[in-house]
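Reviewing the structure listed below.
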Amino acid sequence: MNNPNPVATYALRLGDNGLVLAQRLGAWCGHAPELEIDLALANIGLDLLGQARNFFKLCRRA
Numbered sequence: 771m772n773n774p775n776p777v778a779t780y781a782l783r784l785g786d787n788g789l790v791l792a793q794r795l796g797a798w799c800g801h802a803p804e805l806e807i808d809l810a811l812a813n814i815g816l817d818l819l820g821q822a823r824n825f826f827k828l829c830r831r832a
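Quick note: the sequence shown uses our numbering, first residue 771, plus one each step.
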């Protein structure tokens, strides 16, 4: 990728990290030792997915 805009590059990296972390937390669904932990991990994954979408939108606009 050859993007000279540092804001777009930074937003892309943050979005990519959030997407990967959301996928990793989603893999834990149903495997956590307690139900509350399972729900908490799923909710954190959804939050990270939403943040990643916003970072990708910012990257596209920049």
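A virtual CB, placed ideally from N, CA and C, is assigned to each residue, including glycine.
Coil, strand or helix - residue i by DSSP
i, result
"N775", "coil"
"F802", "The sequence as given places Ala at residue 802; Phe does not occur at that position. Correct three-state label for A802: coil."
"A781", "helix"
Beta-carbon proximity list for residue i, same chain, < 7 Å, skipping 5 on both sides
i, result
"I814", "L795"
Endpoints, alpha helix (DSSP H) assigned at residue i
i, result
"A822", "L805 to R831"
Own chain, CB closer than 8 Å to residue i, minus 5 neighbours either side, in chain order
i, result
"H801", "D808"
Proximity below 8 Å, CB of residue i to CB of residue j
i, j, result
"A778", "F825", "no"
"G844", "A810", "In the structure as shown, the chain begins at 771 and stops at 832. Residue 844 is therefore absent and cannot be evaluated."
"L819", "A792", "yes"
6 Å CB neighbourhood of residue i in its chain, flanking five on each side removed
i, result
"A812", "C799"
"A832", "N775, V777 and A778"
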